[in-house]
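Residue numbers (the numbering used here), protein chains in the order written: chain D, 2 to 275; chain C, 2 to 275; chain S, 1154 to 1464; chain X, 1154 to 1464.
Even for Gly, the Cβ is constructed at its ideal location relative to N, Cα and C.
Fair warning: this is a prediction, and the values are worked out from it, not measured in the lab.
Notes follow the structure.
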Amino acid sequence: MKKHQEEAVILDNIPIIGQDTYRLILQAPMIAREARPGQFVMVRVDKSYDPFLRRPFSFFRIDKEEGIIEIGYKVVGRGTTLLSQKKRGQTVDLLGPLGNGFRLPPEDTSDIWVIAGGVGITALIPCLEDLRIKRPKAKRVLFYGVKTASELIPSSFFKSLCHEVLYSTDDGTMGFRGVITECIDYHVQKGEKLPSVIYACGPLIMLKHIARWALAHSIPGQFCLESIMGCGLGACLGCAVPGNIRHGNSEKGYVHVCFEGPVFPVENIRWDEL
Amino acid sequence: MKKHQEEAVILDNIPIIGQDTYRLILQAPMIAREARPGQFVMVRVDKSYDPFLRRPFSFFRIDKEEGIIEIGYKVVGRGTTLLSQKKRGQTVDLLGPLGNGFRLPPEDTSDIWVIAGGVGITALIPCLEDLRIKRPKAKRVLFYGVKTASELIPSSFFKSLCHEVLYSTDDGTMGFRGVITECIDYHVQKGEKLPSVIYACGPLIMLKHIARWALAHSIPGQFCLESIMGCGLGACLGCAVPGNIRHGNSEKGYVHVCFEGPVFPVENIRWDEL
Amino acid sequence: MKDVNLSVTLGPIKLKNPVMTASGTFGYGREFADLVPLEELGAVVVKGISLKPRPGNPPPRIVEACAGLINSVGLENPGVEVFVKDKLPYLQKRNVPVVVNIFGESVEEYAEVASILDDQPGVIALEINISCPNVEAGGMVFGSNSSTAGRVVEAVKRTTSKPIITKLSPQVTSIAEIAQAVEQAGSDIVACINTIPAMAVDIYTRTPRLGNVIGGLSGPAIKPIALKCVFDVVQAVDIPVIGIGGIATAEDALEFLLVGAKAVQVGSVNLTNPRASIEILEGIRNFLIEQGISNVEDYIGTLKVLSHGEN
Amino acid sequence: MKDVNLSVTLGPIKLKNPVMTASGTFGYGREFADLVPLEELGAVVVKGISLKPRPGNPPPRIVEACAGLINSVGLENPGVEVFVKDKLPYLQKRNVPVVVNIFGESVEEYAEVASILDDQPGVIALEINISCPNVEAGGMVFGSNSSTAGRVVEAVKRTTSKPIITKLSPQVTSIAEIAQAVEQAGSDIVACINTIPAMAVDIYTRTPRLGNVIGGLSGPAIKPIALKCVFDVVQAVDIPVIGIGGIATAEDALEFLLVGAKAVQVGSVNLTNPRASIEILEGIRNFLIEQGISNVEDYIGTLKVLSHGEN
Ligand SMILES: Cc1cc2nc3c(=O)[nH]c(=O)nc-3n(C[C@H](O)[C@H](O)[C@H](O)COP(=O)(O)OP(=O)(O)OC[C@H]3O[C@@H](n4cnc5c(N)ncnc54)[C@H](O)[C@@H]3O)c2cc1C
Ligand SMILES: Cc1cc2nc3c(=O)[nH]c(=O)nc-3n(C[C@H](O)[C@H](O)[C@H](O)COP(=O)(O)OP(=O)(O)OC[C@H]3O[C@@H](n4cnc5c(N)ncnc54)[C@H](O)[C@@H]3O)c2cc1C
Ligand SMILES: Cc1cc2nc3c(=O)[nH]c(=O)nc-3n(C[C@H](O)[C@H](O)[C@H](O)COP(=O)(O)O)c2cc1C
Ligand SMILES: Cc1cc2nc3c(=O)[nH]c(=O)nc-3n(C[C@H](O)[C@H](O)[C@H](O)COP(=O)(O)O)c2cc1C
Ligand code: FES
Ligand code: FES
Chain D
2 MKKHQEEAVI LDNIPIIGQD TYRLILQAPM IAREARPGQF VMVRVDKSYD
52 PFLRRPFSFF RIDKEEGIIE IGYKVVGRGT TLLSQKKRGQ TVDLLGPLGN
102 GFRLPPEDTS DIWVIAGGVG ITALIPCLED LRIKRPKAKR VLFYGVKTAS
152 ELIPSSFFKS LCHEVLYSTD DGTMGFRGVI TECIDYHVQK GEKLPSVIYA
202 CGPLIMLKHI ARWALAHSIP GQFCLESIMG CGLGACLGCA VPGNIRHGNS
252 EKGYVHVCFE GPVFPVENIR WDEL
Chain C
2 MKKHQEEAVI LDNIPIIGQD TYRLILQAPM IAREARPGQF VMVRVDKSYD
52 PFLRRPFSFF RIDKEEGIIE IGYKVVGRGT TLLSQKKRGQ TVDLLGPLGN
102 GFRLPPEDTS DIWVIAGGVG ITALIPCLED LRIKRPKAKR VLFYGVKTAS
152 ELIPSSFFKS LCHEVLYSTD DGTMGFRGVI TECIDYHVQK GEKLPSVIYA
202 CGPLIMLKHI ARWALAHSIP GQFCLESIMG CGLGACLGCA VPGNIRHGNS
252 EKGYVHVCFE GPVFPVENIR WDEL
Chain S
1154 MKDVNLSVTL GPIKLKNPVM TASGTFGYGR EFADLVPLEE LGAVVVKGIS
1204 LKPRPGNPPP RIVEACAGLI NSVGLENPGV EVFVKDKLPY LQKRNVPVVV
1254 NIFGESVEEY AEVASILDDQ PGVIALEINI SCPNVEAGGM VFGSNSSTAG
1304 RVVEAVKRTT SKPIITKLSP QVTSIAEIAQ AVEQAGSDIV ACINTIPAMA
1354 VDIYTRTPRL GNVIGGLSGP AIKPIALKCV FDVVQAVDIP VIGIGGIATA
1404 EDALEFLLVG AKAVQVGSVN LTNPRASIEI LEGIRNFLIE QGISNVEDYI
1454 GTLKVLSHGE N
Chain X
1154 MKDVNLSVTL GPIKLKNPVM TASGTFGYGR EFADLVPLEE LGAVVVKGIS
1204 LKPRPGNPPP RIVEACAGLI NSVGLENPGV EVFVKDKLPY LQKRNVPVVV
1254 NIFGESVEEY AEVASILDDQ PGVIALEINI SCPNVEAGGM VFGSNSSTAG
1304 RVVEAVKRTT SKPIITKLSP QVTSIAEIAQ AVEQAGSDIV ACINTIPAMA
1354 VDIYTRTPRL GNVIGGLSGP AIKPIALKCV FDVVQAVDIP VIGIGGIATA
1404 EDALEFLLVG AKAVQVGSVN LTNPRASIEI LEGIRNFLIE QGISNVEDYI
1454 GTLKVLSHGE N
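Structure follows, in structure tokens:
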């Protein structure tokens, strides 16, 4: 898998939810050719040196034939604000694909839970697509939690990709009322069969809860993590998080989100130190 | 005269010569009310801190009734490039009016030469207008030099303001062939009567030549100078140039373009040190 | 909560709020009077004053840098007498709290300037700029050395009853050490940082971009360096610390307060946004209201730090 | 003129051109191999290597600053043995000139790392990072003091036949003095600057933004400071100087060459633009062609300076 720096043409850049979550469609054939679900690109949001660092975003859609990739992003600060102001026809400088991507579960996997919090859904959509094609016999359940119904991305993006969708909203405006971990607890208590494997992406606090639960029940899981990124290439060692991988470096190890991740087996992260 | 910081609405921002000299029309009633020819405004070209400093531009037109000011600027670097990208309806942050402005010559002045090099013409247009109204009996001759005819701003801007226009272009595409100082020499040698006073604005090299000539012939002159500006308010002392004014500060004095200028009597500048 | 108490006490002086302007970026106050309600500021720190008038450095004196500027104004000023006669009265009449920034080429000169200012009403403190070449000692800067820094402070202390702020240069191996030396010497308050030595050149003409070749960098670019200096100094001394360096927004100012600065000075950004000081003051007030903090002093120095090691 | 001679001689080493990458911003070279033709660079300076593996500092390790970043990676590395076994061979096989950046917690550790690298082909020089805490001397940084800096250089010199580059910290009263000390101690080349101590805090959580509290500032923001350091050091020593600090464009690199740096290292901008080093190299070539200069060494150090005084 070769990394590319590519000046990608913006095919569209439009809100998909309310005013603050956007869908950016890019013509980036070199990157699209190599990209896998769970990987990400580093976007240079401005030609100037302020902001200085690129911003990382997961693939939301990969179309190898058309040479198109998409990212879905939430406007949270300076960089994403600048990105949201870009217009169709302009270009952005991309670096990718980066990171490891989601690994497939064993062939005989029967039940897969995909757990998405907030904008974390975007990284999981290509993952669901991959699972549908490559593990067609497994049952795929999507748990999808947000604060309020208006923050949900339209179900057209994922409904066809899974057998069941369990929504949760903090205010009860859609599906279960409460946070996603409570929703999971509720379904487990109701007698829902535990999954063979879980895939999770979302806010750190959610990941921590689910990791603890998965570890307690010995359910293997792949968790997509975030960290502040410098290079995205494994060069600056800036994206370290406390991890259990011992890669020659030391007793008290760190793993690096950009090259050992962003997707980690649940047991490889020291969640309590995060 | 009160200084204002004013968020001015852009009424228009369009090239007046070729692709690199623009006319920026601004609704800035507070500044317009106080502005005088020869004064200037400091423009913040971007909300960010890069570029960090404001950029100074002379008034090109002042319309007190309509609350409109205009500047004419040449795109030479980062700041002016950013300025040229602004669109009608956007706003820019202005600080002004700043500096001293042109002083009128004595009531009985008979012959006035106004000498403009390149984009320096823009500062002299409101000066010519003022002279026409307040010294209607004086003969106003405009010497106007540029590199090539295509760099001349349209004569509609100034033709009616003076009795005679003497063009010069380096390549002879309009008027006298040669630099403006040669054009003046030529007219003097032809027997043209020396003026009672001169007003000059343009590149430093031109101002130096004309200053030397004016001093040699004891012709009083008002010269509009440039310097890198920090504050424009007289606070940072960054805009100093070698001057002959002794204002309590020292033996070897400096004058400050932003508050003792930008318009200086020719004898107040140590031209050789510039 | 209706309003917050913004007043801060810095040893012998009490300010109505922690926002001052930094020397050299706000002239003698009057230059900004059309734009800023001067009496609302914590204090106005005026451009550096010496015993005799000084012409300053040859132009160009300013060059823009990435998120900042380099200046080599070179301490141009009309001398303390003209200052007292022509510049100070305006601020005195308007009841603006004034801090006079002073400097000299010798220890004696510092002391003499201080003594001349001693009886001036409205001058709430003298700020000693020790980033000046010590002409007697071959041009080494007073502030680059604990002992010369201390000597300046002692000499000024002897000739004035005004509170003394000593303003430190960041271009030293340990700013904490210099801070301790000036504390020992009797400085009531310490302020940091002054500009950082810097340079710019033109690759086409192959000449320096400043008439003086060398200048000092200031502006947002230096903020992270200044914040570290203030953090170090706060840890090292018991006297109050004033934070300076790259402050452009209320958030920046709050960062300095958080690490323990009792007040801040707003410098270069006055050139970009002349109303910055007053906007920062407003921003601090709004932040405190939003956070339910009724007294700015309750926020100052509340950074939670467990431990830190190597960089 | 068809092409220009870009090769530069730095004492005992000759580089095909003056553009290297800076330690810690370019990994072990391989990370950039898809994007940059490594063998075209003057040299690749790899991430700092110590005797034993080191885990580095707790996260967050990076925070963005105005026109730059603050890092507290903390010298994470796999140790010199793993480096020689797993990292170096790739660059050796591709014939990329390598400079190994080394550090230790004691003088002996520096020397030992150097001796292990002594017989490695392709390693054209060792770069000594003296911005590291001297554990024996209570954590004071080796480079903050002429005598400890000199001792490190002498010890390394004794255990290696490779040319030595000593990389200086800017956080000292006089970088020229430290440069003279390491020249005296036998350093073949001097490089400056390393990052500048800096800090960032979060006003809402009231915590430092770096796991290590303190970090080092780098990027375009520090360029004017770095340029002044290089100018001072060039004046102070006879050995060649490598310029580092905020270089993001060919124009930046040319500024360092103009003040007298024989070569430059491209650092943080590699994160923003991974192809920066190679683009800078191209830009230098084009500039020289445009200016009719056939040999880059004819441009180096040609700044016209008359005199300079105070700031
Ligand atoms: C591997 C990876 C994949 C991601 N995928 C997505 C995605 O698909 N959609 C999406 O909306 N967001 C995604 N993010 C998060 C996204 O990168 C940040 O929201 C974005 O960088 C914020 O930039 P900003 O300038 O708007 O915010 P800032 O103003 O810089 O900061 C706002 C917040 O964003 C965090 N942040 C800032 N810079 C970075 C950085 N370089 N890396 C990580 N966090 C940062 C800050 O800590 C802060 O909490 C991903 C992050 C990682 C590490
Ligand atoms: C009182 C005054 C009135 C002026 N009036 C006009 C005018 O009416 N029309 C016009 O086109 N130009 C005018 N100028 C010049 C104008 O300010 C500069 O061309 C402009 O600032 C360049 O900005 P830039 O970012 O595009 O260029 P940069 O990329 O910054 O630099 C390009 C050139 O402009 C010079 N320059 C940069 N910043 C400043 C500054 N703050 N002050 C002065 N020079 C600078 C630089 O030395 C350099 O040579 C005036 C200057 C002064 C001092
Ligand atoms: C143009 C200019 C002139 C200055 N003059 C002085 C001075 O006379 N005395 C002094 O102590 N500091 C002087 N300074 C330093 C500032 O007071 C301040 O310490 C420094 O600029 C850092 O703050 P900033 O980044 O907010 O500008 C000057 C700074 C600038 C930019
Ligand atoms: C993430 C990061 C890691 C670094 N690691 C090292 C290192 O291991 N050894 C070293 O001598 N310098 C290290 N540096 C300093 C750089 O090599 C360089 O001296 C400094 O960043 C200034 O250059 P720049 O502004 O171009 O980045 C590091 C810098 C960064 C940003
Ligand atoms: S972001 Fe640089 S190593 Fe991960
Ligand atoms: S620009 Fe600040 S005094 Fe003139």
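Item                                                                                                                          : Value
I1281/S and F1256/S closer than 9 Å at C-beta                                                                                 : yes
Identity of the residues DSSP links to H257/D by a beta bridge                                                                : A241/D
Three-way DSSP call (helix, strand, coil) for Q1418/S in this model                                                           : strand
Any non-hydrogen atom of ligand 2 within 8 Å of G73/C CB                                                                      : yes
Of the listed residues G1398/X, Y1263/X, R1362/X, nearest to R1304/X (C-alpha basis)                                          : Y1263/X
Alpha-carbon to alpha-carbon, V1253/S and I1392/X                                                                             : 45 Å
Distance between Y23/D and E1103/S (C-alpha atoms, nearest Å)                                                                 : Since the first residue shown for chain S is 1154 and the last is 1464, residue 1103/S is missing from the structure and cannot be characterised.
Beta-carbon separation (whole angstroms), G231/C vs C237/C, contact threshold 8 Å                                             : 4 Å
Rounded C-alpha distance that separates T1455/S from V1216/X                                                                  : 21 Å
Run of the alpha helix (DSSP H) containing N1439/X, from where it starts to where it stops                                    : 1429 to 1443
Interface partners of A1401/X on chain D, CB under 7 Å                                                                        : Y50
Near-chain D residues of the region 1349 to 1372 of chain X - C-beta to any C-beta below 8 Å                                  : G1372
Beta carbon proximity, H5/C to chain S, threshold 9 Å                                                                         : yes
Contact set between L1188/S and chain C, taken where Cβ atoms lie within less than 7 Å                                        : K4, Q6
Among A241/D, P266/D, G262/D, F265/D, the one whose alpha carbon lies nearest that of G254/D                                  : A241/D
Among R104/D, I122/D, Q40/D, W114/D, nearest to L96/D - alpha-carbon criterion                                                : Q40/D
Between the CA atoms of I1328/S and N1298/S - distance to the nearest angstrom                                                : 10 Å
Closer than 7 Å at the beta carbon, the chain C residues around F1179/S                                                       : A236
Environment of L153/C [buried if 16+ CB atoms lie within 10 Å]                                                                : buried
Simplified DSSP state of L275/D, which is helix, strand or coil                                                               : coil
For H5/C, the residue or residues it bridges with in DSSP                                                                     : G97/C
Rounded straight-line distance, which links the Cα of L195/D to that of E66/D                                                 : 37 Å
Distance between N1210/S and E1450/S (C-alpha atoms, nearest Å)                                                               : 41 Å
Candidates R1207/X, I1349/X, G1232/X, L1194/X: closest to L1159/X by CA position                                              : L1194/X
Distance between K138/C and P107/C (C-alpha atoms, nearest Å)                                                                 : 12 Å
Neighbour flag for G1221/X against chain S, beta carbons, 9 Å                                                                 : yes
Between the CA atoms of G1398/X and R271/D - distance to the nearest angstrom                                                 : 35 Å
Closer than 9 Å to chain D by CB, V1209/X                                                                                     : Sequence inspection shows Gly at residue 1209/X; the Val mentioned does not correspond to that position. Taking Cβ atoms only, chain D reaches closer than 9 Å to G1209/X, which makes this a yes.
At least 3 beta-carbon pairs within less than 8 Å: the region 199 to 213 of chain D vs the region 111 to 122 of chain D       : yes
R45/C versus S85/C, M31/C, R56/C, residue with shortest Cα-Cα distance                                                        : R56/C
F1185/S at chain C interface by Cβ criterion, 9 Å                                                                             : yes
Coarse secondary structure for I1446/S, derived from DSSP in three states                                                     : coil
Segment limits, beta strand (DSSP E) that includes R89/D                                                                      : Here R89/D belongs to no beta strand (DSSP E), and DSSP marks it neither H nor E.
The region 1311 to 1328 of chain X contacting the region 1304 to 1318 of chain S, beta-carbon criterion three pairs below 8 Å : no
CB contact below 9 Å: N250/C versus chain S                                                                                   : Here N250/C scores only 49 on pLDDT, less than 50, and its place in the model should not be relied on; the value that follows carries that caveat. It does: the Cβ of N250/C has a partner Cβ on chain S nearer than 9 Å.
T1178/S and G1420/S closer than 9 Å at C-beta                                                                                 : yes
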